[in-house]
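What follows is a single structure, written as structure tokens, with notes after it.
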Amino acid sequence: MSTKVSGAAPRRKGLTLTDVLVTVVVSLVLGIVYHLWASVSSVAGLLFLQSNELVYGMWFAASTLAFLLIRKPGVALIAEIAAAHLEIAFGSAYGIQLLLYSVVQGLGAELVFAAFRYRKATAFVAGLAGIAAAAGSLLADIYYGYVTEYATWLLILKYTLRAISGFVIAGYLMYGLAKLLEKAGVTQSLQPVDRKEYDALDS
2 MSTKVSGAAP RRKGLTLTDV LVTVVVSLVL GIVYHLWASV SSVAGLLFLQ SNELVYGMWF
62 AASTLAFLLI RKPGVALIAE IAAAHLEIAF GSAYGIQLLL YSVVQGLGAE LVFAAFRYRK
122 ATAFVAGLAG IAAAAGSLLA DIYYGYVTEY ATWLLILKYT LRAISGFVIA GYLMYGLAKL
182 LEKAGVTQSL QPVDRKEYDA LDS
């Protein structure tokens, strides 16, 4: 059974007002989720060493969900940055640092979608984008010195779990959500190309 939402980006490559508004709405909703997710992470961290990393992927979700809905260049990065701004507005303990995280995480996801020429909106590709976002977060962690004293084995454990979380949550979970929104007709106006044309372009 195929995991594809669709096969290609719409013909209208530039962002429309509708695209921007949808990206903003996605960012607003996930910005709120990002703020509340710290509590989920704290509870998850009680399971075992670094177990909070298993839910870290939610902080990459804005970039993948926005692309799965709109499928145009730039929306992954824009959505991640916008969601971080809302998280900051809610008073995140990390404050302005979140801006760097949002940029490198959004860029990581964006680069994966670009590598597939923005033609693949599958769960697997979204999962790869989640892993790339996790790699971006590692760069930010190094920049801020959060992992300088970690043992090698602990670094491997931490970021392996984070990558898995990015693949599952930002990838397959957001794909599932996009499919639900598609079935509800929410994405119809965002995909001007007929489904048969998507499939033909992807074949």
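Read in order, the letters of the sequence shown correspond to residues 2 to 204 in the numbering used here. Positions of the beta carbon are idealized from the N, C-alpha and C atoms, including for glycine.
Next on the checklist: Please state the DSSP three-state secondary structure of T65.
Outcome noted: Taking the sequence shown and counting its residues from 1, the one referred to as residue 65 is at position 64. DSSP places T65 in helix when its eight states are reduced to three.
Checklist entry - How about L162 and L55: are their beta carbons less than 8 Å apart? => result As a first step, residue 162 is located in the sequence shown; it is residue number 161 there, counting from the start. As a first step, residue 55 is located in the sequence shown; it is residue number 54 there, counting from the start. Cβ atoms of L162 and L55: closer than 8 Å.
Next on the checklist: Using only the alpha-carbon positions, how far apart do G92 and Y35 sit?
Outcome noted: Here residue 92 corresponds to residue number 91 of the sequence shown, with the count starting at 1. Here residue 35 corresponds to residue number 34 of the sequence shown, with the count starting at 1. Roughly 11 Å between the two C-alpha positions.
Next on the checklist: Can you tell me whether R72 is buried or exposed? The criterion is at least 16 other CB atoms within 10 Å of its CB, across all chains shown.
Outcome noted: The residue given as residue 72 occupies position 71 in the sequence shown. Buried, by the Cβ-count rule.
Item to check | Outcome for S7 when other beta-carbon atoms lying within 10 angstroms are tallied against a minimum of 16 | outcome: Looking up residue 7 in the sequence shown gives position 6. Below a pLDDT of 50, predicted positions are generally treated as unreliable, and S7, at 47, falls in that range; no measurement from the model is reported.
Checklist entry - Applying the criterion that 16 or more other CB atoms from any shown protein chain within 10 Å of the CB defines a buried residue, is S138 buried or exposed? => result Counted from its first residue, the sequence shown places residue 138 at position 137. That one is buried.
Checklist entry - Taking DSSP as the reference, what is the three-state secondary structure of T123? => result Indexing the sequence shown from 1 puts residue 123 at position 122. In the structure shown, T123 sits in a strand (DSSP, three-state: E or B).
Next on the checklist: Are the CB atoms of A127 and A164 within a distance shorter than 8 Å?
Outcome noted: On the sequence shown, position 163 is the one that residue 164 refers to. On the sequence shown, position 126 is the one that residue 127 refers to. No. Outside cutoff.
Checklist entry - With a Cβ-Cβ cutoff of 8 Å, do L140 and V105 count as a contact? => result For the purposes of this step, residue 140 is identified with residue 139 of the sequence shown, where counting begins at 1. For the purposes of this step, residue 105 is identified with residue 104 of the sequence shown, where counting begins at 1. Yes, they are a contact pair.
Checklist entry - Helix or strand or just coil, what does DSSP make of G15? => result As a first step, residue 15 must be located in the sequence shown, where it is residue number 14. Coil at G15, not helix or strand.
Item to check | Distance, V25 Cα to L174 Cα | outcome: Within the sequence shown, the letter at position 173 stands for residue 174. Within the sequence shown, the letter at position 24 stands for residue 25. One C-alpha to the other measures close to 20 Å.
Item to check | Per-residue burial, I157 [other beta carbons within 10 Å of its own, 16 or more giving buried] | outcome: The residue given as residue 157 occupies position 156 in the sequence shown. Result: exposed.
Checklist entry - Quick one: is V44 buried, meaning 16 or more other Cβ sit within 10 Å of its Cβ, or exposed? => result Taking the first residue of the sequence shown as position 1, residue 44 is located at position 43. V44 should be labelled exposed.
Next on the checklist: Here's a check: name, in chain order, each residue in its chain whose Cβ is nearer than 6 Å to the Cβ of N53, leaving out the five neighbours to either side.
Outcome noted: Taking the first residue of the sequence shown as 1, we reach residue 53 at position 52. Correct list, in chain order: S42, A45 and G46.
Next on the checklist: What would DSSP say about Y147, mapped onto helix, strand or coil?
Outcome noted: Numbered from 1 along the sequence shown, position 146 holds the residue referred to as residue 147. Correct three-state label for Y147: coil.
Next on the checklist: Does the region 141 to 155 come into contact with the region 107 to 120, if we say contact requires no fewer than three beta-carbon pairs (one atom in each stretch) closer than 8 Å?
Outcome noted: no
Item to check | C-alpha gap between T19 and K159, whole angstroms | outcome: Your numbering for residue 19 matches position 18 in the sequence shown. Your numbering for residue 159 matches position 158 in the sequence shown. One C-alpha to the other measures close to 38 Å.
Item to check | Inter-residue Cα distance where the pair is L87 and W154 | outcome: Stepping through the sequence shown from its first residue, residue 87 is reached at position 86. Stepping through the sequence shown from its first residue, residue 154 is reached at position 153. Distance between the alpha carbons of L87 and W154 is about 35 Å.
Item to check | Rounded C-alpha distance that separates V21 from L78 | outcome: Locating residue 21 in the sequence shown gives position 20, where the first residue counts as 1. Locating residue 78 in the sequence shown gives position 77, where the first residue counts as 1. For V21 and L78, the distance between alpha carbons rounds to 12 Å.
Checklist entry - Which value, in whole angstroms, describes the spacing of the CA atoms of F61 and A185? => result Counted from its first residue, the sequence shown places residue 61 at position 60. Counted from its first residue, the sequence shown places residue 185 at position 184. One C-alpha to the other measures close to 24 Å.
Item to check | Three-state class that DSSP yields for I97 in the structure shown | outcome: Taking the sequence shown and counting its residues from 1, the one referred to as residue 97 is at position 96. Note: I97 maps to coil in three-state DSSP.
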